[in-house]
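Right, one structure below, let's go through it.
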Amino acid sequence: MFKIVEREEMTGGTVIRNEIEAPLIARKARPGQFVILKANETGERIPLTMADTNPEKGTITIIYMVVGKSTALFRELKVGDAYQDIIGPLGAPTHLEKVGKVVCVGGGTGIAVLHPITRALKEIGNDVTCIVGARSKDILIMEDEMKNASNDLRICTDDGSYGHHGFVTDVLKEVLEKGDVKLVVAIGPVPMMKFVSKMTKEYNVKTMVSLNPIMVDGTGMCGCCRVSVGGETKFACVDGPEFDGHEVDYDELMLRLLAYREDEKRSLEESGLQL
Amino acid sequence: MAKKEKIDRQIMPEQAPYIRAKNFEEVPLGLTQEAAVKEAQRCMQCKKPACVEGCPVGVDIPGFIKLIAEEKFVKSIRKIWEKNALPAVCGRVCPQELQCEGKCIVGKKGDPVAIGNLERFVADKERISGTGELPPKAAPTGKKVAVVGSGPSGLTVAGDLTLKGHQVTVFEAFHKPGGVLVYGIPEFRLPKDIVFSEVAFLEKLGVTVNCNAVVGRTVSVDELFEEGYDAVYIGVGAGLPRFLNVPGENLVGLFSANEYLTRSNLMKAYRFPEYDTPIIRGKNVITLGAGNVAMDSARTALRLGAEKSRIVYRRSRDEVPARGAEVHHAEEEGVEFFFLTSPVEFKGNDQGRVTGMVGLKMELGEPDDSGRRRPVPIEGSEFELECDLAIVAVGAGPNPLLTQATEGLALNRWDYILADEATGKTSKKGVWAGGDIVTGSATVILAMGAGRIAADSIHDYLTWGW
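Pasting the structure below:
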């Protein structure tokens with residue numbers, strides 16, 4: 004069992020942070036790696052990239068948005084409750100290198116995943132500009148943390164309630180125009196990663212994205228998470244989750260993410276849980 | 088002495104095909120005690136039993152059968168346990184017709200003694216109404232052994248070494264122990280409660296089972312030694328699904344058999360939404376391949392509501408690698424076979440879901456390296472088969488997760504672990520390997536045989552040195 008030691012409702016109960024006792028995973032985890040969580044006996048295996056780890060304390064942190072039955076079930080778990088199963092750390096860690104000017108682009112709960120990567124890129128001496136986006140000010144997460152993790156934080160909201168009124172790609176374009184950007188890291192909803200990659204390709208700037216396809220085992224055993232990258236089939240769980248953003252087939256990924264849309268609806272309805 | 092009355096092989100009752108094709112209950116129902124005792128009386132108690140030679144773990148077959156005939160069931164199961172820690176499993180999934188029963192002298196002139204069914208009977212009897220008395224165990228040696236993978240070979244190693252007094256910990260990547268017995272083999276062939284109770288038996292013997300432990304990620308082999316383990320056994324199976332590398336393979340509704348069966352078996356998607364994991368319930372299902380895993384997939388599809396479940400195989404019926412009994416069960420339940428057909432493409436709709444397979448007709452040419460006649464495409468013979476679910480069951484390769492994370496472990500050219508056949512020793516000191524990660528996909532009992540050999544060698548090492 005994996006006990007929750009801290010819990011925070013970040014945006015009115017739709018985005019939740021859990022700090023969880025998992026000493027063996029905390030000891031080994033590197034930025035960019037994920038875990039698979041299963042709430043209880045009948046639960047589903049849900050992959051989530053870790054937002055933070057604390058090896059001394061023996062804890063890992065995950066941040067998730069309540070989007071369906073399984074995450075609604077996760078939300079029921081309070082401090083002192085436990086996940087029945089957590090497996091990890093899985094996937095390849097982020098390749099961290101000092102390259103100069105780096106832009107980290109995050110959207111939604113992708114910001115949580117981007118945070119440890121941003122921090123690590125800055126720590127090894129990169130000049131990191133961070134662009135984060137949300138639909139609206141009240142659902143923007145981790146503003147202070149991202150400010151501390153980067154050299155320059157830029158905020159965008161779709162409704163203009165905070166920062167730049169518009170998409171992250173607007174601000175990204177400005178930054179790219181100034182030149183010198185060596186690397187872009189984009190983590191967020193698939194359309195965001197798709198359009199960021201499209202733009203950086205025009206500027207010929209290397210771009211890394213972190214994918215979150217549907218998975219079962221997370222150890223390369225089932226192939227559920229296969230994605231087309233540069234025309235080749237890769238398993239996101241072992242070959243990724245990070246890939247060259249210019250090579251990913253995002254349209255295929257989006258269709259595969261919808262594989263169980265009807266089942267997911269039914270599962271949530273019959274559970275009696277609310278989003 | 089009066090001449091022994093001839094007894095016919097006792098038939099094990101089964102669920103009728105039209106009923107069982109719609110449920111996940113076990114197909115064969117087991118022998119009654121009366122039938123088992125009668126069947127046991129058919130054994131000739133050969134002085135040099137050929138059946139034992141046919142058993143990869145060397146169970147004293149005439150010995151346990153004689154005890155059944157004498158209605159000494161507890162003694163009988165203990166006789167089996169001397170050599171086999173998983174009798175309820177083996178009684179169900181071993182290919183007995185190729186092993187013990189294939190060599191049975193009674194079988195020379197009629198039906199062989201139903202050794203598998205008897206093994207199953209006595210194991211089930213012990214599980215359901217046994218004394219729970221454990222076999223004797225050697226005094227603690229103070230040595231620690233790590234077993235990586237809780238499939239058939241790992242559990243065999245764990246059982247053997249714990250009886251020899253060593254302290255054994257099993258590391259399993261999934262959240263439940265049993266490996267392929269739990270994620271791969273369906274409930275209707277091997278009920279999961281049976282696997283869990285065999286594992287629980289090993290735990291009672293003193294084995295520790297750590298689930299959610301991915302060796303190579305959560306902990307490395309070298310770290311296991313640093314933590315004080317004296318020996319490591321690697322039995323992680325062949326957990327890398329093979330795909331066909333044809334266009335359309337990433338359409339929604341196309342699964343590897345590993346994924347399809349793991350969702351249904353381990354995650355219990357067949358009980359969705361009571362269990363949270365969903366699975367695509369195809370009405371018109373195609374399974375590619377004709378091994379036991381393909382049969383399991385095609386039969387699972389029927390139970391999940393398929394109106395049509397078809398097996399597409401590029402060779403002919405004679406080359407089908409699945410056990411005869413499995414093919415027979417599948418056909419009885421209504422699975423159709425398309426032989427000499429090779430998939431060349433999958434078609435999908437605008438939602439990216441699979442709608443059909445383009446197949447190419449084949450004919451058999453000259454024998455290939457495997458000795459089987461090579462299928463050769465017939466030009467211009469493409470045709471389309473509709474489907475809303477396709478399952479690729481064309482085998483599995485070695486999963487590199489552990490091997491790539493372990494220094495000093497020599498692999499062969501196909502990336503399987505190189506291990507000495509007589510001992511299971513690898514190139515890395517203190518590390519043994521066996522089962523599918525050494526041989527490639529094989530059977531439960533062959534993996535157990537490899538486990539037995541390695542366990543003996545590990546015991547020698549812990550007693551005398553490398």
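Chains as they are written, first to last, in our numbering: chain U, 4 to 278; chain E, 88 to 553.
Using N, Cα and C, we set each Cβ at its ideal position, and we do this for glycine too.
Looking only at Phe-151/E, Ala-542/E, Ser-429/E, Asp-455/E, the smallest Cα-Cα distance to Ala-123/E is reached by Phe-151/E. Closer than 8 Å to the CB of Asp-266/U there is at least one CB belonging to chain E.
Under the DSSP assignment, Pro-149/E falls outside any beta strand (DSSP E), being part of the alpha helix (DSSP H) whose first and last residues are 148–156. Going by beta carbons, Ala-25/U and Pro-58/U fall outside the 8 Å limit. Beyond the five residues adjoining it in sequence on each side, His-249/U comes within less than 7 Å, by CB distance, of Ser-200, Lys-204, Thr-210 in the same chain, given in chain order.
The continuous stretches of alpha helix (DSSP H) do not include Glu-24/U, which lies in the beta strand (DSSP E) extending over residues 18–24. When 8 Å is used as the limit between beta carbons, Asn-299/E is near these residues of chain U: Asp-88, Ile-89, Ile-90, in chain order. Interface criterion met: the Cβ of Glu-361/E is under 8 Å from a Cβ in chain U. At least one C-beta of chain E is nearer than 8 Å to the C-beta of Asp-220/U. The contact set of Gly-326/E on chain U, defined by CB atoms closer than 9 Å, consists of Asp-220, Thr-222, Gly-223, Met-224, Cys-225 in chain order. The residues Leu-451, Gly-452, Glu-453, Pro-454, Asp-455, in chain order, have a CB closer than 8 Å to that of Arg-461/E in the same chain once the five nearest residues on each side in sequence are set aside. Within 7 Å of the CB of Gly-46/U, the CB atoms of chain E belong to Asp-363, in sequence order along the chain. If you look at Glu-273/U, you'll find it in the alpha helix (DSSP H) that goes 264–274. Phe-359/E is bridged by DSSP to nothing; it lacks a bridge partner.
Closest by C-alpha distance to Tyr-400/E, out of Arg-350/E, His-253/E, Val-479/E, is Val-479/E. By the criterion of a C-beta distance shorter than 8 Å, Leu-278/U is surrounded in its chain by Thr-17, Val-69, Val-70, Gly-71, Ala-75, Leu-271, once the five residues flanking it on both sides are discounted. Around the C-beta of Asp-155/U, fewer than 16 other C-beta atoms lie within 10 Å, and the residue is accordingly described as exposed. Here Lys-166/E has Asp-147, Gly-150, Phe-151, Leu-154 as same chain residues with Cβ atoms under 7 Å from its own Cβ, once five neighbours each way along the sequence are excluded.
Rounded to the nearest whole angstrom, the CA to CA distance from Asn-379/E to Glu-413/E is 7 Å. As DSSP reads the structure, Lys-231/E sits in a beta bridge with Gln-254/E. The beta carbon of Pro-278/E is closer than 7 Å to those of Glu-113 in its chain, skipping five residues each way along the sequence.
Residue-level contact by beta carbon fails for Glu-184/E and chain U, as no gap is shorter than 8 Å.
Within the region 416–446 of chain E, Gln-438, Gly-439 place their CB atoms closer than 7 Å to a CB of chain U, listed in sequence order.
Each of Gln-102/E, Leu-327/E, Ala-318/E, Glu-184/E was checked against the Cα of His-546/E, and the nearest Cα belongs to Ala-318/E. Look at Phe-433/E here: in three-state DSSP terms it is strand. As computed with DSSP, Thr-295/E is found in a beta bridge with Thr-256/E. Residue Asp-247/U holds the alpha-carbon nearest to the alpha-carbon of Leu-186/U among Ala-54/U, Asp-247/U, Asp-173/U. The continuous alpha helix (DSSP H) containing Leu-311/E extends over residues 308–313.
Within the model, the alpha-carbon separation for Val-255/E versus Pro-239/E is close to 15 Å. For Tyr-67/U, the enclosing beta strand (DSSP E) starts and ends at 62–68. When C-beta distances to chain E are compared with 7 Å, the residues of the region 237–262 of chain U below that value are Val-241, Glu-255, Leu-258, Arg-259, Ala-262, in chain order.
One alpha carbon belongs to Val-296/E, the other to Glu-220/E, and they sit about 21 Å apart. Residue contact check for Val-306/E against chain U: a CB pair falls below 8 Å. For Val-339/E, the nearest beta carbon of chain U is closer than 8 Å to its own beta carbon. If you draw a straight line from the Cα of Thr-172/U to the Cα of Arg-10/U, it is about 32 Å long.
Within the DSSP secondary-structure output, Trp-168/E pairs in no beta bridge.
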